[in-house]
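Top to bottom, those sequences are chains B and C. Using the numbering used here, you'd call the opening residue of the first sequence number 1 and step up by one each time. Using the numbering used here, you'd call the opening residue of the second sequence number 1 and step up by one each time. Notes to accompany the following structure.
Protein chains: 2
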Amino acid sequence: MVTSSICTIGDEILIGQIVDTNSSHFARALNGIGIRVTRMVSFGDDRQVIISSLERELRENSIVIVTGGLGPTKDDITKPALAELSGSRGSRLDSGQLEIIHRILSSRGLDMLDVNKAQAMVPDTCEVIPNRLGTAPIMVFRFGAERFGHECTLYSLPGVPFEATGAIPDIIEDIKGHYPTDDICHKTIMTYGLPESLLAKKIEAWESSLPENIHLAYLPNPLTGVRLRLSIYGGEKSRETSQIEEQLVKLREILGDHIYAEEDTNLQETVGRLLKESGKTMSCAESCTGGMISHLITSVPGSSEYYLGSVTSYANSVKENVLGVPSGIIEKYGAVSSECVAKMAEGVRRITGSDYSVATSGIAGPGGGTPEKPVGLVWIGVSTPDRTETFSFVYKNDRKRNIERFAASALDILRKEIEKDLNI
Amino acid sequence: MVTSSICTIGDEILIGQIVDTNSSHFARALNGIGIRVTRMVSFGDDRQVIISSLERELRENSIVIVTGGLGPTKDDITKPALAELSGSRGSRLDSGQLEIIHRILSSRGLDMLDVNKAQAMVPDTCEVIPNRLGTAPIMVFRFGAERFGHECTLYSLPGVPFEATGAIPDIIEDIKGHYPTDDICHKTIMTYGLPESLLAKKIEAWESSLPENIHLAYLPNPLTGVRLRLSIYGGEKSRETSQIEEQLVKLREILGDHIYAEEDTNLQETVGRLLKESGKTMSCAESCTGGMISHLITSVPGSSEYYLGSVTSYANSVKENVLGVPSGIIEKYGAVSSECVAKMAEGVRRITGSDYSVATSGIAGPGGGTPEKPVGLVWIGVSTPDRTETFSFVYKNDRKRNIERFAASALDILRKEIEKDLNI
Numbered sequence: 001m002v003t004s005s006i007c008t009i010g011d012e013i014l015i016g017q018i019v020d021t022n023s024s025h026f027a028r029a030l031n032g033i034g035i036r037v038t039r040m041v042s043f044g045d046d047r048q049v050i051i052s053s054l055e056r057e058l059r060e061n062s063i064v065i066v067t068g069g070l071g072p073t074k075d076d077i078t079k080p081a082l083a084e085l086s087g088s089r090g091s092r093l094d095s096g097q098l099e100i101i102h103r104i105l106s107s108r109g110l111d112m113l114d115v116n117k118a119q120a121m122v123p124d125t126c127e128v129i130p131n132r133l134g135t136a137p138i139m140v141f142r143f144g145a146e147r148f149g150h151e152c153t154l155y156s157l158p159g160v161p162f163e164a165t166g167a168i169p170d171i172i173e174d175i176k177g178h179y180p181t182d183d184i185c186h187k188t189i190m191t192y193g194l195p196e197s198l199l200a201k202k203i204e205a206w207e208s209s210l211p212e213n214i215h216l217a218y219l220p221n222p223l224t225g226v227r228l229r230l231s232i233y234g235g236e237k238s239r240e241t242s243q244i245e246e247q248l249v250k251l252r253e254i255l256g257d258h259i260y261a262e263e264d265t266n267l268q269e270t271v272g273r274l275l276k277e278s279g280k281t282m283s284c285a286e287s288c289t290g291g292m293i294s295h296l297i298t299s300v301p302g303s304s305e306y307y308l309g310s311v312t313s314y315a316n317s318v319k320e321n322v323l324g325v326p327s328g329i330i331e332k333y334g335a336v337s338s339e340c341v342a343k344m345a346e347g348v349r350r351i352t353g354s355d356y357s358v359a360t361s362g363i364a365g366p367g368g369g370t371p372e373k374p375v376g377l378v379w380i381g382v383s384t385p386d387r388t389e390t391f392s393f394v395y396k397n398d399r400k401r402n403i404e405r406f407a408a409s410a411l412d413i414l415r416k417e418i419e420k421d422l423n424i
Numbered sequence: 001m002v003t004s005s006i007c008t009i010g011d012e013i014l015i016g017q018i019v020d021t022n023s024s025h026f027a028r029a030l031n032g033i034g035i036r037v038t039r040m041v042s043f044g045d046d047r048q049v050i051i052s053s054l055e056r057e058l059r060e061n062s063i064v065i066v067t068g069g070l071g072p073t074k075d076d077i078t079k080p081a082l083a084e085l086s087g088s089r090g091s092r093l094d095s096g097q098l099e100i101i102h103r104i105l106s107s108r109g110l111d112m113l114d115v116n117k118a119q120a121m122v123p124d125t126c127e128v129i130p131n132r133l134g135t136a137p138i139m140v141f142r143f144g145a146e147r148f149g150h151e152c153t154l155y156s157l158p159g160v161p162f163e164a165t166g167a168i169p170d171i172i173e174d175i176k177g178h179y180p181t182d183d184i185c186h187k188t189i190m191t192y193g194l195p196e197s198l199l200a201k202k203i204e205a206w207e208s209s210l211p212e213n214i215h216l217a218y219l220p221n222p223l224t225g226v227r228l229r230l231s232i233y234g235g236e237k238s239r240e241t242s243q244i245e246e247q248l249v250k251l252r253e254i255l256g257d258h259i260y261a262e263e264d265t266n267l268q269e270t271v272g273r274l275l276k277e278s279g280k281t282m283s284c285a286e287s288c289t290g291g292m293i294s295h296l297i298t299s300v301p302g303s304s305e306y307y308l309g310s311v312t313s314y315a316n317s318v319k320e321n322v323l324g325v326p327s328g329i330i331e332k333y334g335a336v337s338s339e340c341v342a343k344m345a346e347g348v349r350r351i352t353g354s355d356y357s358v359a360t361s362g363i364a365g366p367g368g369g370t371p372e373k374p375v376g377l378v379w380i381g382v383s384t385p386d387r388t389e390t391f392s393f394v395y396k397n398d399r400k401r402n403i404e405r406f407a408a409s410a411l412d413i414l415r416k417e418i419e420k421d422l423n424i
């Protein structure tokens with residue numbers, strides 16, 4: 001099997017000022033064509049470190065993807081390091097990339113500066129894949145077997161996520177042209193509402209009866225619930241598919257409506273798909289989730305087809321004046337109550353005219369809890385054309401994580417209510 | 001200088017199903033006590049790979065932080081690997097962690113399962129730091145100089161971000177007790193509104209006149225703008241501070257109100273700080289940003305002090321019926337227009353009773369653009385007690401990035417308007 005290493009260059013990663021998200025995108029793309037990623041490595045903007053680290057990765061892998069270390073203010077370290085590593089004796093101006101640089105700058109009304117022009121200069125040992133989304137070229141260095149004991153390729157890309165991930169199709173195309181590729185069979189099952197250990201217990205017998213060539217992984221995430229991933233490496237496609245389907249029949253029986261999808265997706269996409277299928281619309285009224293449900297829903301392209309809008313009613317006055325929650329309700333039961341979220345859900349459905357709505361009110365923390373209503377408590381209301389229901393949960397996390405769990409739970413409740421109406 | 005490596009274990013990282021955010025938090029904490037992070041490495045759930053990878057990191061670093069590979073369904077690979085690496089001959093039950101496991105499960109109304117109990121078993125070669133936030137203990141392995149050529153320590157933590165980052169203070173405390181630590185002088189300047197290359201050009205002369213011991217880094221981010229980081233390693237604290245202040249005087253002169261803070265922060269915290277200072281409140285009306293501004297604002301603890309709420313008016317009917325945008329406005333100018341965002345901003349200020357408001361309407365893409373109103377166009381309106389102003393920008397990114405830039409630009413505009421009123 002062809003193996004690969006994904007590297008990132010940048011002091012900003014090592015001091016923790018930015019999180020590397022590029023590697024994850026590349027890993028998914030490489031896996032999709034049957035190339036196993038053995039390692040991800042980040043190291044600093046230092047010529048000797050770059051050279052020795054990349055040499056090691058090239059010795060142990062056929063493909064090395066490198067992001068970062070390029071850019072108008074960074075080129076002076078990584079490019080000379082790559083030139084030295086590849087035994088380059090000179091540079092050349094890549095006219096294709098120069099033209100793109102020119103076009104990008106003029107579309108932004110900017111003049112070509114020397115630093116911009118210098119970006120089109122590359123070591124004479126590399127091929128260039130044009131970077132249509134930014135000014136730094138994508139450099140491809142191919143090494144014969146004499147250099148590292150086997151043929152290998154290094155791809156160097158800018159670190160800007162938009163540009164790096166935008167180049168993935170071109171890189172994958174290039175790899176396919178030079179290496180034998182394959183399909184790994186992955187099947188992802190999305191579950192919500194069971195913590196990892198409880199889920200593991202529930203499917204223990206099923207898991208231990210899985211055929212040996214099927215590998216199971218648990219991937220918990222507060223926004224999506226626990227993903228279960230079944231993988232089969234290096235078999236025969238049609239046989240693998242039916243082998244996995246056989247197992248899924250049993251898994252569905254065990255987990256019931258904790259399973260919300262059988263592909264790698266999330267709750268907001270699932271809610272969107274259900275609403276599109278039923279031709280219905282939704283809205284939300286958010287207090288403790290502060291706009292996050294709305295943000296998640298609208299992160300899905302085409303959400304305007306089913307999403308009308310929302311009210312984030314952080315202040316009680318907004319709950320009363322905009323959503324029409326009777327003031328007696330908040331006085332009597334408090335804003336974090338079944339009664340209040342029911343009125344919030346009904347209110348936002350009324351003012352937006354949507355078919356469904358979901359509402360949240362809770363205490364995200366760190367402050368604000370009481371013994372009766374602790375930090376982590378959330379009330380969730382859902383209103384449909386023929387009913388309003390409320391639910392409550394208590395989570396014990398920090399503010400960020402509590403907000404995520406509140407929002408995900410609200411989406412999951414909405415998902416189940418829509419499924420009920422669709423008889424799923 | 002004491003050096004450190006940060007490792008993550010997990011196939012889920014190598015196949016790109018999750019992004020490692022823990023390493024970044026640890027890197028920041030280690031840097032803060034003068035420990036340089038030389039490398040971050042991720043590798044798979046494989047006993048031999050875990051052992052050989054960790055051996056290499058321990059040979060080259062004094063401190064190795066490992067997250068992941070632990071948990072009720074994962075313990076069977078990482079724990080035996082750590083036992084082998086450390087020459088352990090047996091396990092012991094850690095009663096402190098067992099008690100925590102018991103408490104966590106009962107607070108969730110769950111019974112103790114065998115897999116939960118097994119988590120309190122650790123190799124007899126390690127010390128345990130109790131993990132108060134989860135069931136997996138934090139294991140500390142200390143190696144004498146005979147093992148890897150120098151004294152070194154391995155900290156193994158669960159991968160769940162909430163638990164891993166929650167343990168950082170304990171780990172830092174332990175490191176301080178065993179290694180000489182130091183302060184690295186970092187100064188971060190937050191800028192907004194200038195792309196990296198233009199910013200670099202603007203401060204070119206200043207940058208090239210910087211004293212040799214000051215290192216400058218550019219860290220662009222769509223949500224925060226470009227961070228500039230000035231670093232001095234290994235000097236004398238008071239001298240370094242005054243050396244950096246001297247440079248800042250000149251930098252402020254050059255960048256003016258593009259600088260929005262002189263510490264590592266973001267736009268939503270800055271807006272919050274300004275509102276608290278002035279005792280004013282805000283609200284927002286979001287179309288294309290779909291709740292993201294509201295989500296960012298409310299991610300700041302204590303935001304209920306100045307944030308009243310928002311309306312996400314995705315559908316035009318919500319713009320008209322909830323925010324009171326006159327229907328003639330949308331008919332005549334369209335929803336993505338100066339006129340519409342002005343009315344949206346005024347409308348949300350009226351219905352929430354806030355002092356300030358900010359409104360967005362634009363085309364995030366991928367679909368929906370026209371030659372006159374292309375994908376990436378956004379109109380932003382800001383309304384204050386004595387004026388309403390509008391601004392427009394065009395960004396050329398994908399949906400996710402466009403939404404981020406729209407939201408950040410809106411926050412930056414609001415920030416400048418509040419500063420104007422405060423005479424900053």
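Heads up, the beta-carbon is just placed ideally off N, CA and C, and yes, glycines get one too.
By the rule that beta-carbons nearer than 9 angstroms mark a contact, Thr-388/C does not touch chain B. In this structure Tyr-333/B does not touch Tyr-314/C by the C-beta definition: roughly 30 angstroms separates them, more than the 8 angstroms allowed. According to DSSP, residue pairing for Lys-187/C in a beta bridge involves Leu-230/C.
Between Tyr-356/C and Lys-280/C a beta carbon distance of about 6 angstroms is seen, short of the 8 angstroms cut, so the two are scored as contacting.
Any Cβ of chain C closer than 9 angstroms to the Cβ of Tyr-218/B would place that residue at the interface, and such an atom is present. In the three-state reduction of the DSSP assignment, Val-249/B falls in the helix class. For a cut-off of 8 angstroms, the C-beta gap from Ile-254/C to Lys-319/C is around 41 angstroms, too long to register as a contact.
Just measuring C-alpha positions, the residue of Arg-59/C, Pro-195/C, Glu-245/C, Pro-220/C sitting nearest Ile-214/C is Glu-245/C. C-alpha of Gly-166/B to C-alpha of Gly-134/B: approximately 10 angstroms in a straight line.
Contacts with chain C at 9 angstroms (Cβ-Cβ) include Ser-304/B. Closest by C-alpha distance to Ile-172/B, out of Gly-34/B, Ile-297/B, Leu-85/B, Gly-71/B, is Gly-34/B. The secondary-structure analysis by DSSP pairs Phe-162/B with nothing; it has no beta-bridge partner.
Scanning its chain for C-beta atoms nearer than 8 angstroms, with the 5 sequence neighbours on each side dropped, one finds around Asp-257/B the residues Lys-416, Glu-419, in chain order. Nearest Cα to Ser-392/C within the set Gly-68/C, Asn-423/C, Ala-359/C: Ala-359/C. For Ser-338/C, there are no C-beta contacts with chain B under 9 angstroms, since the nearest C-beta of that chain is about 20 angstroms from it. Per DSSP, the continuous alpha helix (DSSP H) segment holding His-25/C begins and ends at 22-32.
By a beta-carbon distance limit of 8 angstroms, Ile-6/C contacts Val-37/C. Their separation comes to about 6 angstroms. Contact between Ser-310/B and Val-341/B does not hold, since their C-beta atoms are separated by about 14 angstroms, which reaches or exceeds 8 angstroms. When DSSP reads this structure, Arg-142/B sits in a beta bridge with Thr-153/B.
For Ser-283/C, the enclosing beta strand (DSSP E) starts and ends at 282-286. A direct Cα-Cα distance of roughly 14 angstroms separates Leu-228/B from Ile-15/C. Contact with chain B is found for Ala-315/C, since one of that chain's Cβ atoms lies less than 9 angstroms from the residue's Cβ. In the DSSP secondary-structure assignment, Arg-415/B is not bridged to any residue. Chain C has a Cβ within less than 9 angstroms of the Cβ of Ile-351/B. Within chain B, no residue has its CB atom less than 8 angstroms from the CB of Thr-270/C, the nearest being about 17 angstroms off. Contact between the segment 149-156 of chain C and the segment 61-75 of chain C is present: three or more C-beta pairs spanning the two stretches fall below 8 angstroms. Ile-329/C is the residue among Glu-346/C, Ile-329/C, Gln-119/C whose C-alpha sits nearest the C-alpha of Glu-339/C. Counting other Cβ atoms within 10 Å of its Cβ, Glu-146/B stays below 16 and is therefore classed as exposed. Met-292/C belongs to the set of residues whose beta carbon lies under 9 angstroms from a beta carbon in chain B. Runs of the beta strand (DSSP E) lying entirely within the segment 52-102 of chain B, each at least 3 residues long, are 63-67, 91-93 in chain order. When the Cα atoms are used, Ser-86/C and Arg-39/B turn out to be separated by approximately 23 angstroms. Under the 9 angstroms criterion on CB atoms, Tyr-307/C is classed as interfacial with respect to chain B. DSSP, reduced to helix, strand and coil, places Glu-372/C outside both helices and strands of the structure shown, so it counts as coil. DSSP places Gly-272/C inside the alpha helix (DSSP H), whose first and last residues are 267-278. With fewer than three CB-CB distances shorter than 8 angstroms, the segment 204-213 of chain B does not count as touching the segment 118-127 of chain C.
Ser-278/B does not reach chain C, its nearest Cβ partner there being about 18 angstroms away, counting only Cβ pairs nearer than 8 angstroms.
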